[in-house]
Amino acid sequence: MSVRNLKALFRPESIAVVGATTQARAPGSVVMRNLLQGAFAGPIMPVTAEHRSVGGVLAYPDVASLPQAPDLALICTPAATIPGHVRALGEKGARAACIMTPALQHAQDDSGLTILQSVRAEAKRFGMRLLGPNSMGILVPGIGLNASFAPENALGGKLAFVSQSGALCTAVLDWACTKGIGFSHFIHTGDGVDVGFGDILDYLGSDPFTRAILLYIEAIDERRNFMSAARAAARNKPLLVIKAGRSVEGARAASSHTGALAGSDLVFDAAIRRAGMLRVQDIDEIFGAVETLARSRPVKGQRLAVLTNGGGIGVIAADDLSDGGGTLAELPPEVLEKLAAICPPNWSRGNPVDIVGDADGERYAKALAILLDCKAVDAVLVMYAPTAISDPDSVAEAVIKVFKERPRANIMTCWVGSEKVAHARRLFAEAAVPTFETPRAAVQGFLHLLEYRRNQDMLMEVPASATADFVPDVAYVRRILKDALTRGDDVLTEPEAKAVLSAYGIPTIETRIAHSPAEASRIARELGRPVALKILSHDIVHKSDVGGVVLNLDGPFEVEKAANAMLERVAATYPEARIDGFTVQPMAVRKPGTQELIVGVATDPIFGPVILFGQGGVAVEIIGDRAVALPPLNMNLAAELVRRTQVSRLLAGYRGRPPANLEALHTALIQVSQMVVDFPEIVELDINPLRCDSGGVLALDASIKVAAVAPGTERLAIRPYPAELEECFLMNDGRHVLLRPIRPEDEPNHHVLVSRLTPEDIRFRFFGLVHELPHTEMARLTQIDYDREMAFIGELTNPDGSRETLGVVRTVTDPDNEKAEFAVVVRSDLKGSGLGKRLLTKMIEYCRSRGTGAIVGQVLKDNSRMLRFVEHLGFVPVRTVDGDIVEVEYDLTKPAKD
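Here the working numbering is used: position 404 in the sequence shown is 405, and no number is missing along the way.
Spelled out as structure tokens, the structure:
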């Protein structure tokens with residue numbers, strides 16, 4: 002991932018059109034016309050040997066003849082010519098190209114490479130960035146750029162649209178023009194062989210001219226880059242995503258319940274949620290999403306008031322809101338009294354607020370103001386149905402006036418109808434009031450805002466630590482997995498699978514192996530209680546499907562009889578299965594309110610390992626109550642995963658049945674997540690059923706599929722906590738501290754650290770007086786993407802077990818890994834302890850290990866102690882900023898200083 006030369010691609014100062022032509026409807030002709038009709042201020046240079054000029058602009062016979070190197074080249078020539086053009090552009094000094102020609106991956110050149118391979122090789126030689134091939138182009142209205150063959154230009158605005166579909170680009174562009182929606186950028190990625198979503202999100206995420214980003218995605222190639230860029234951009238501005246292709250083909254070959262349930266679309270949904278973005282489902286919804294993003298204000302709560310002149314459309318909106326999980330605001334008595342004072346006697350006296358069909362603009366305005374003043378209302382949907390005794394335009398103008406008087410209010414409108422309300426809708430569009438054509442679309446827009454806010458809240462929450470720290474027996478699990486792979490088995494036996502769970506602290510029921518019916522009878526006698534008997538076979542994953550499970554067997558005779566019958570059933574149903582014997586387990590006592598759950602792991606072809614949770618049992622696929630999340634998990638993410646299922650309502654307790662021990666359930670999910678992080682060999686896992694009641698959780702059955710996989714965490718979409726970077730350090734005062742990467746749950750101690758800094762240290766660190774940092778800012782500092790940034794803290798454990806953060810060093814690295822900007826602070830009473838030096842040298846070592854080019858930082862000129870400190874470590878002053886700030890730099894390409 003890189004933003005190198007993306008400014009030349011998306012904000013060029015000069016453009017060449019390679020393949021410009023005067024032939025009507027040819028891409029080179031349409032592109033030239035669109036460029037010339039815009040207000041682009043830089044030179045536009047057509048390149049063609051066929052014409053002396055194109056569109057009245059002097060043409061050049063080839064790239065070498067251009068009077069200057071263009072920032073951006075638009076290539077519209079046949080496939081076979083493109084490698085030569087890219088080579089010539091690179092030699093000329095061009096920094097970016099948009100290839101509009103399709104199908105470069107099919108044709109071959111004389112060397113046997115595909116045209117696409119040759120093009121990429123030439124671009125790489127010169128560091129050129131490529132958009133496309135098969136790209137419709139780029140529109141940046143703010144600089145008058147229409148470098149595309151789109152049928153019409155885009156209006157200027159603050160919304161960026163990025164799409165893998167050219168057809169959808171033209172549809173959205175046409176719709177947006179009729180609605181008055183403008184764009185900061187309008188980008189068609191085409192085949193995306195170089196510049197992809199990750200690169201574009203990095204660029205747009207920090208672009209000051211873009212307020213929100215909308216993506217249309219058909220496929221993602223690089224999960225880690227996409228997730229890192231998306232999470233970074235989503236913290237700065239709203240991101241909406243529509244995803245095509247909701248297939249579950251990847252799950253068809255899965256051997257576990259989890260693999261069958263965790264379809265690719267469900268996983269993509271989980272990834273979008275984890276990144277803090279908002280997903281919309283189809284093309285119709287995308288239009289409403291654009292309307293929502295472009296004009297709506299963020300909502301603080303989910304209580305909606307519906308103001309209408311017709312009871313029917315109000316009830317429809319209320320039903321749609323209920324179906325979508327929203328909430329109608331409950332209006333207090335005093336608000337109802339105020340509304341009654343301005344409404345006729347036959348008004349609805351509740352929410353939806355039906356102010357009757359003869360309502361004019363004045364009644365609408367008064368009622369709207371009352372609702373906006375109500376603290377029990379978070380947003381108002383204003384609806385209107387045409388009547389013979391009211392004017393839709395005058396009512397709209399009254400609503401617009403209230404809208405302008407209350408810039409912080411969240412108002413949405415829905416004028417139902419066609420021709421009679423068309424002008425009123427245009428009035429709303431001109432006034433930037435969110436407006437929708439149907440009640441469903443309006444409610445959906447509100448629900449979009451709610452879902453987006455929830456996803457953003459998940460990014461800003463402080464995760465709680467697990468109730469009890471657990472140390473898994475990693476060595477024991479590694480031996481189990483190695484033994485299975487050595488003997489050629491890809492599925493662990495049930496006892497092995499349960500041993501793995503136990504090693505990670507997940508309670509399991511005692512499971513003993515019997516190699517014959519007689520041995521099963523003997524084990525049952527020893528257990529002395531009702532037992533469950535199950536077939537033991539590497540070839541049979543779903544034992545109940547072949548009659549391989551019998552429950553509540555009481556006594557040795559019953560067990561032996563059931564074992565013999567089981568062998569006969571399995572032989573008839575699955576004659577080729579290898580039978581290793583039986584497992585015998587004591588029946589678990591089921592308490593009132595006990596729920597059977599499923600917890601599992603599957604490997605998605607795009608996003609890698611995923612965690613699944615839902616209602617379990619033999620009919621788990623039919624019930625289909627499940628949710629998916631990406632590892633790694635913490636307590637908050639585990640709780641959110643559980644809340645997204647229907648069974649969570651049963652777990653909360655009902656009809657006198659006690660609630661389940663949710664803390665134990667969340668902890669089990671974290672333990673499974675950690676297992677996935679630690680062992681790439683685990684490609685599928687089923688705990689089904691996992692019983693959960695007020696006493697905790699108990700794994701009754703488990704299955705684990707393994708494969709020989711390369712070690713490391715690259716398979717994970719989100720880089721987990723890098724525990725390997727932890728180390729102990731002895732301060733000069735003799736106290737031992739732990740130096741480790743920061744975690745989200747460090748936020749409370751981070752507040753304490755800032756509170757214990759002197760005013761001078763605060764000024765030196767923050768370049769101003771900062772009494773405390775708000776939660777949103779502190780969450781950004783503690784919830785980091787370990788792929789993009791790093792922060793090491795020094796943590797002291799006190800004799801009473803409490804922990805303190807003594808200091809922190811952090812770097813944020815640019816997407817090209819060229820420079821990392823650092824900051825370091827140590828508690829004011831610990832100067833001279835050696836902690837600050839070790840923290841910064843540890844960061845230098847880390848950045849050097851990942852190939853970063855340099856570390857840079859800014860220090861106030863009067864902070865002489867810090868300047869001496871960093872210069873002693875090898876930093877050198879490189880420039881002065883604003884007269885009182887010195888920028889220092891450490892060149893990591895040079896040998897380390899002794």
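Glycine included, each C-beta is placed from N, C-alpha and C at the ideal position. Here the structure is a predicted model, which means the values were calculated and not measured.
Residue i: first and last residue of the uninterrupted beta strand (DSSP E) it sits in
i	result
P690	683-694
N637	First-last for N637: 636-644, but that is the alpha helix (DSSP H), not the beta strand (DSSP E).
R811	804-814
H737	737-742
C77	Unbroken run through C77: none, as it is neither H nor E.
R304	304-309
S185	183-189
Close beta carbons around residue i, own chain, < 8 angstroms, minus the five adjacent residues each side
i	result
E577	D540
L652	Q596, V643, P660, A661, L663, L666, C693
A97	N6, L7, A9, L10, P13, D72, L73, A74, M129, R130, L131, L132
S545	V619
G713	P681
Inter-residue Cα distance where the pair is residue i and residue j
i	j	result
A42	Q165	28 angstroms
K180	W416	14 angstroms
M137	D192	11 angstroms
S850	A661	46 angstroms
G251	L670	Note that G251 scores 41 on pLDDT, short of 50, meaning its location in the model is unreliable and no value can be drawn from it.
V600	I221	27 angstroms
N750	T814	25 angstroms
V4	R757	39 angstroms
I139	P239	21 angstroms
I507	G802	25 angstroms
H543	V472	31 angstroms
G852	T812	14 angstroms
F608	P353	43 angstroms
D883	V860	12 angstroms
S66	A151	28 angstroms
I371	G183	32 angstroms
E398	Y365	10 angstroms
V877	V871	8 angstroms
Own chain, CB closer than 6 angstroms to residue i, minus 5 neighbours either side, in chain order
i	result
Q647	D626
G858	F823, V889
K895	none
R570	G548
D203	V4, A230, P816
I243	Y217, V281, I287
Beta-carbon proximity list for residue i, same chain, < 7 angstroms, skipping 5 on both sides
i	result
V55	A21, T22, T23, M33, P47, T49
T78	V19, G20, H86, T102
A467	Low per-residue confidence applies at A467: pLDDT is 48, beneath 50, and the placement is therefore not dependable, though the value from the model is reported in the following sentence. Hits under 7 angstroms: M636, T668, I671.
K421	P387, P393
Residue span of the alpha helix (DSSP H) that contains residue i, given as start and end
i	result
K8	7-11
Q675	663-679
S649	648-652
I845	836-850
Cβ-heavy atom distance, residue i to the ligand FAD, below 7 angstroms
i	result
L451	The ligand FAD is not among the ligands present in this structure, which contains no ligands whatsoever.
Opposing strand residues paired with residue i [DSSP bridges]
i	result
G601	L613, D687
T881	V887
M384	C415
N147	L140
A855	K820, D892
- Query: Is the stretch 153-173 close to the stretch 51-67, with three or more CB pairs under 8 angstroms?
  - Reply: no
- Contact between the stretch 585-596 and the stretch 502-516: three or more CB pairs below 8 angstroms? yes
- Query: Is the stretch 835-855 in contact with the stretch 779-788, if contact means three or more CB pairs nearer than 8 angstroms?
  - Reply: A contact is defined here as three or more CB-CB pairs under 8 angstroms, and the stretch 835-855 fails this definition with respect to the stretch 779-788.
- Message: Whether or not the stretch 203-217 and the stretch 428-436 are in contact is what I'm after, with contact meaning three or more pairs of Cβ atoms, one per stretch, closer than 8 angstroms; do they touch?
- Response: no
- Query: Do three or more CB pairs link the stretch 293-308 to the stretch 439-454 at distances below 8 angstroms?
  - Reply: As far as the Cβ criterion goes, the stretch 293-308 touches the stretch 439-454, which means the pair count is three or higher.
- Query: Do three or more CB pairs link the stretch 524-532 to the stretch 563-573 at distances below 8 angstroms?
  - Reply: no
- Query: Should the stretch 268-280 be regarded as contacting the stretch 619-634, the criterion being three or more beta carbon pairs within less than 8 angstroms?
  - Reply: yes
- Item | Stretch pair the stretch 112-131 + the stretch 146-153: three plus CB contacts closer than 8 angstroms | No, the stretch 112-131 is not in contact with the stretch 146-153.
- Query: Is the stretch 488-498 in contact with the stretch 334-348, if contact means three or more CB pairs nearer than 8 angstroms?
  - Reply: Note that the stretch 488-498 does not touch the stretch 334-348; fewer than 3 beta-carbon pairs, one per stretch, sit closer than 8 angstroms.
- Query: Any contact of the stretch 342-355 with the stretch 401-411, i.e. 3+ C-beta pairs under 8 angstroms?
  - Reply: A contact between stretches requires three or more CB pairs, one per stretch, nearer than 8 angstroms, and the stretch 342-355 fails this requirement with the stretch 401-411.
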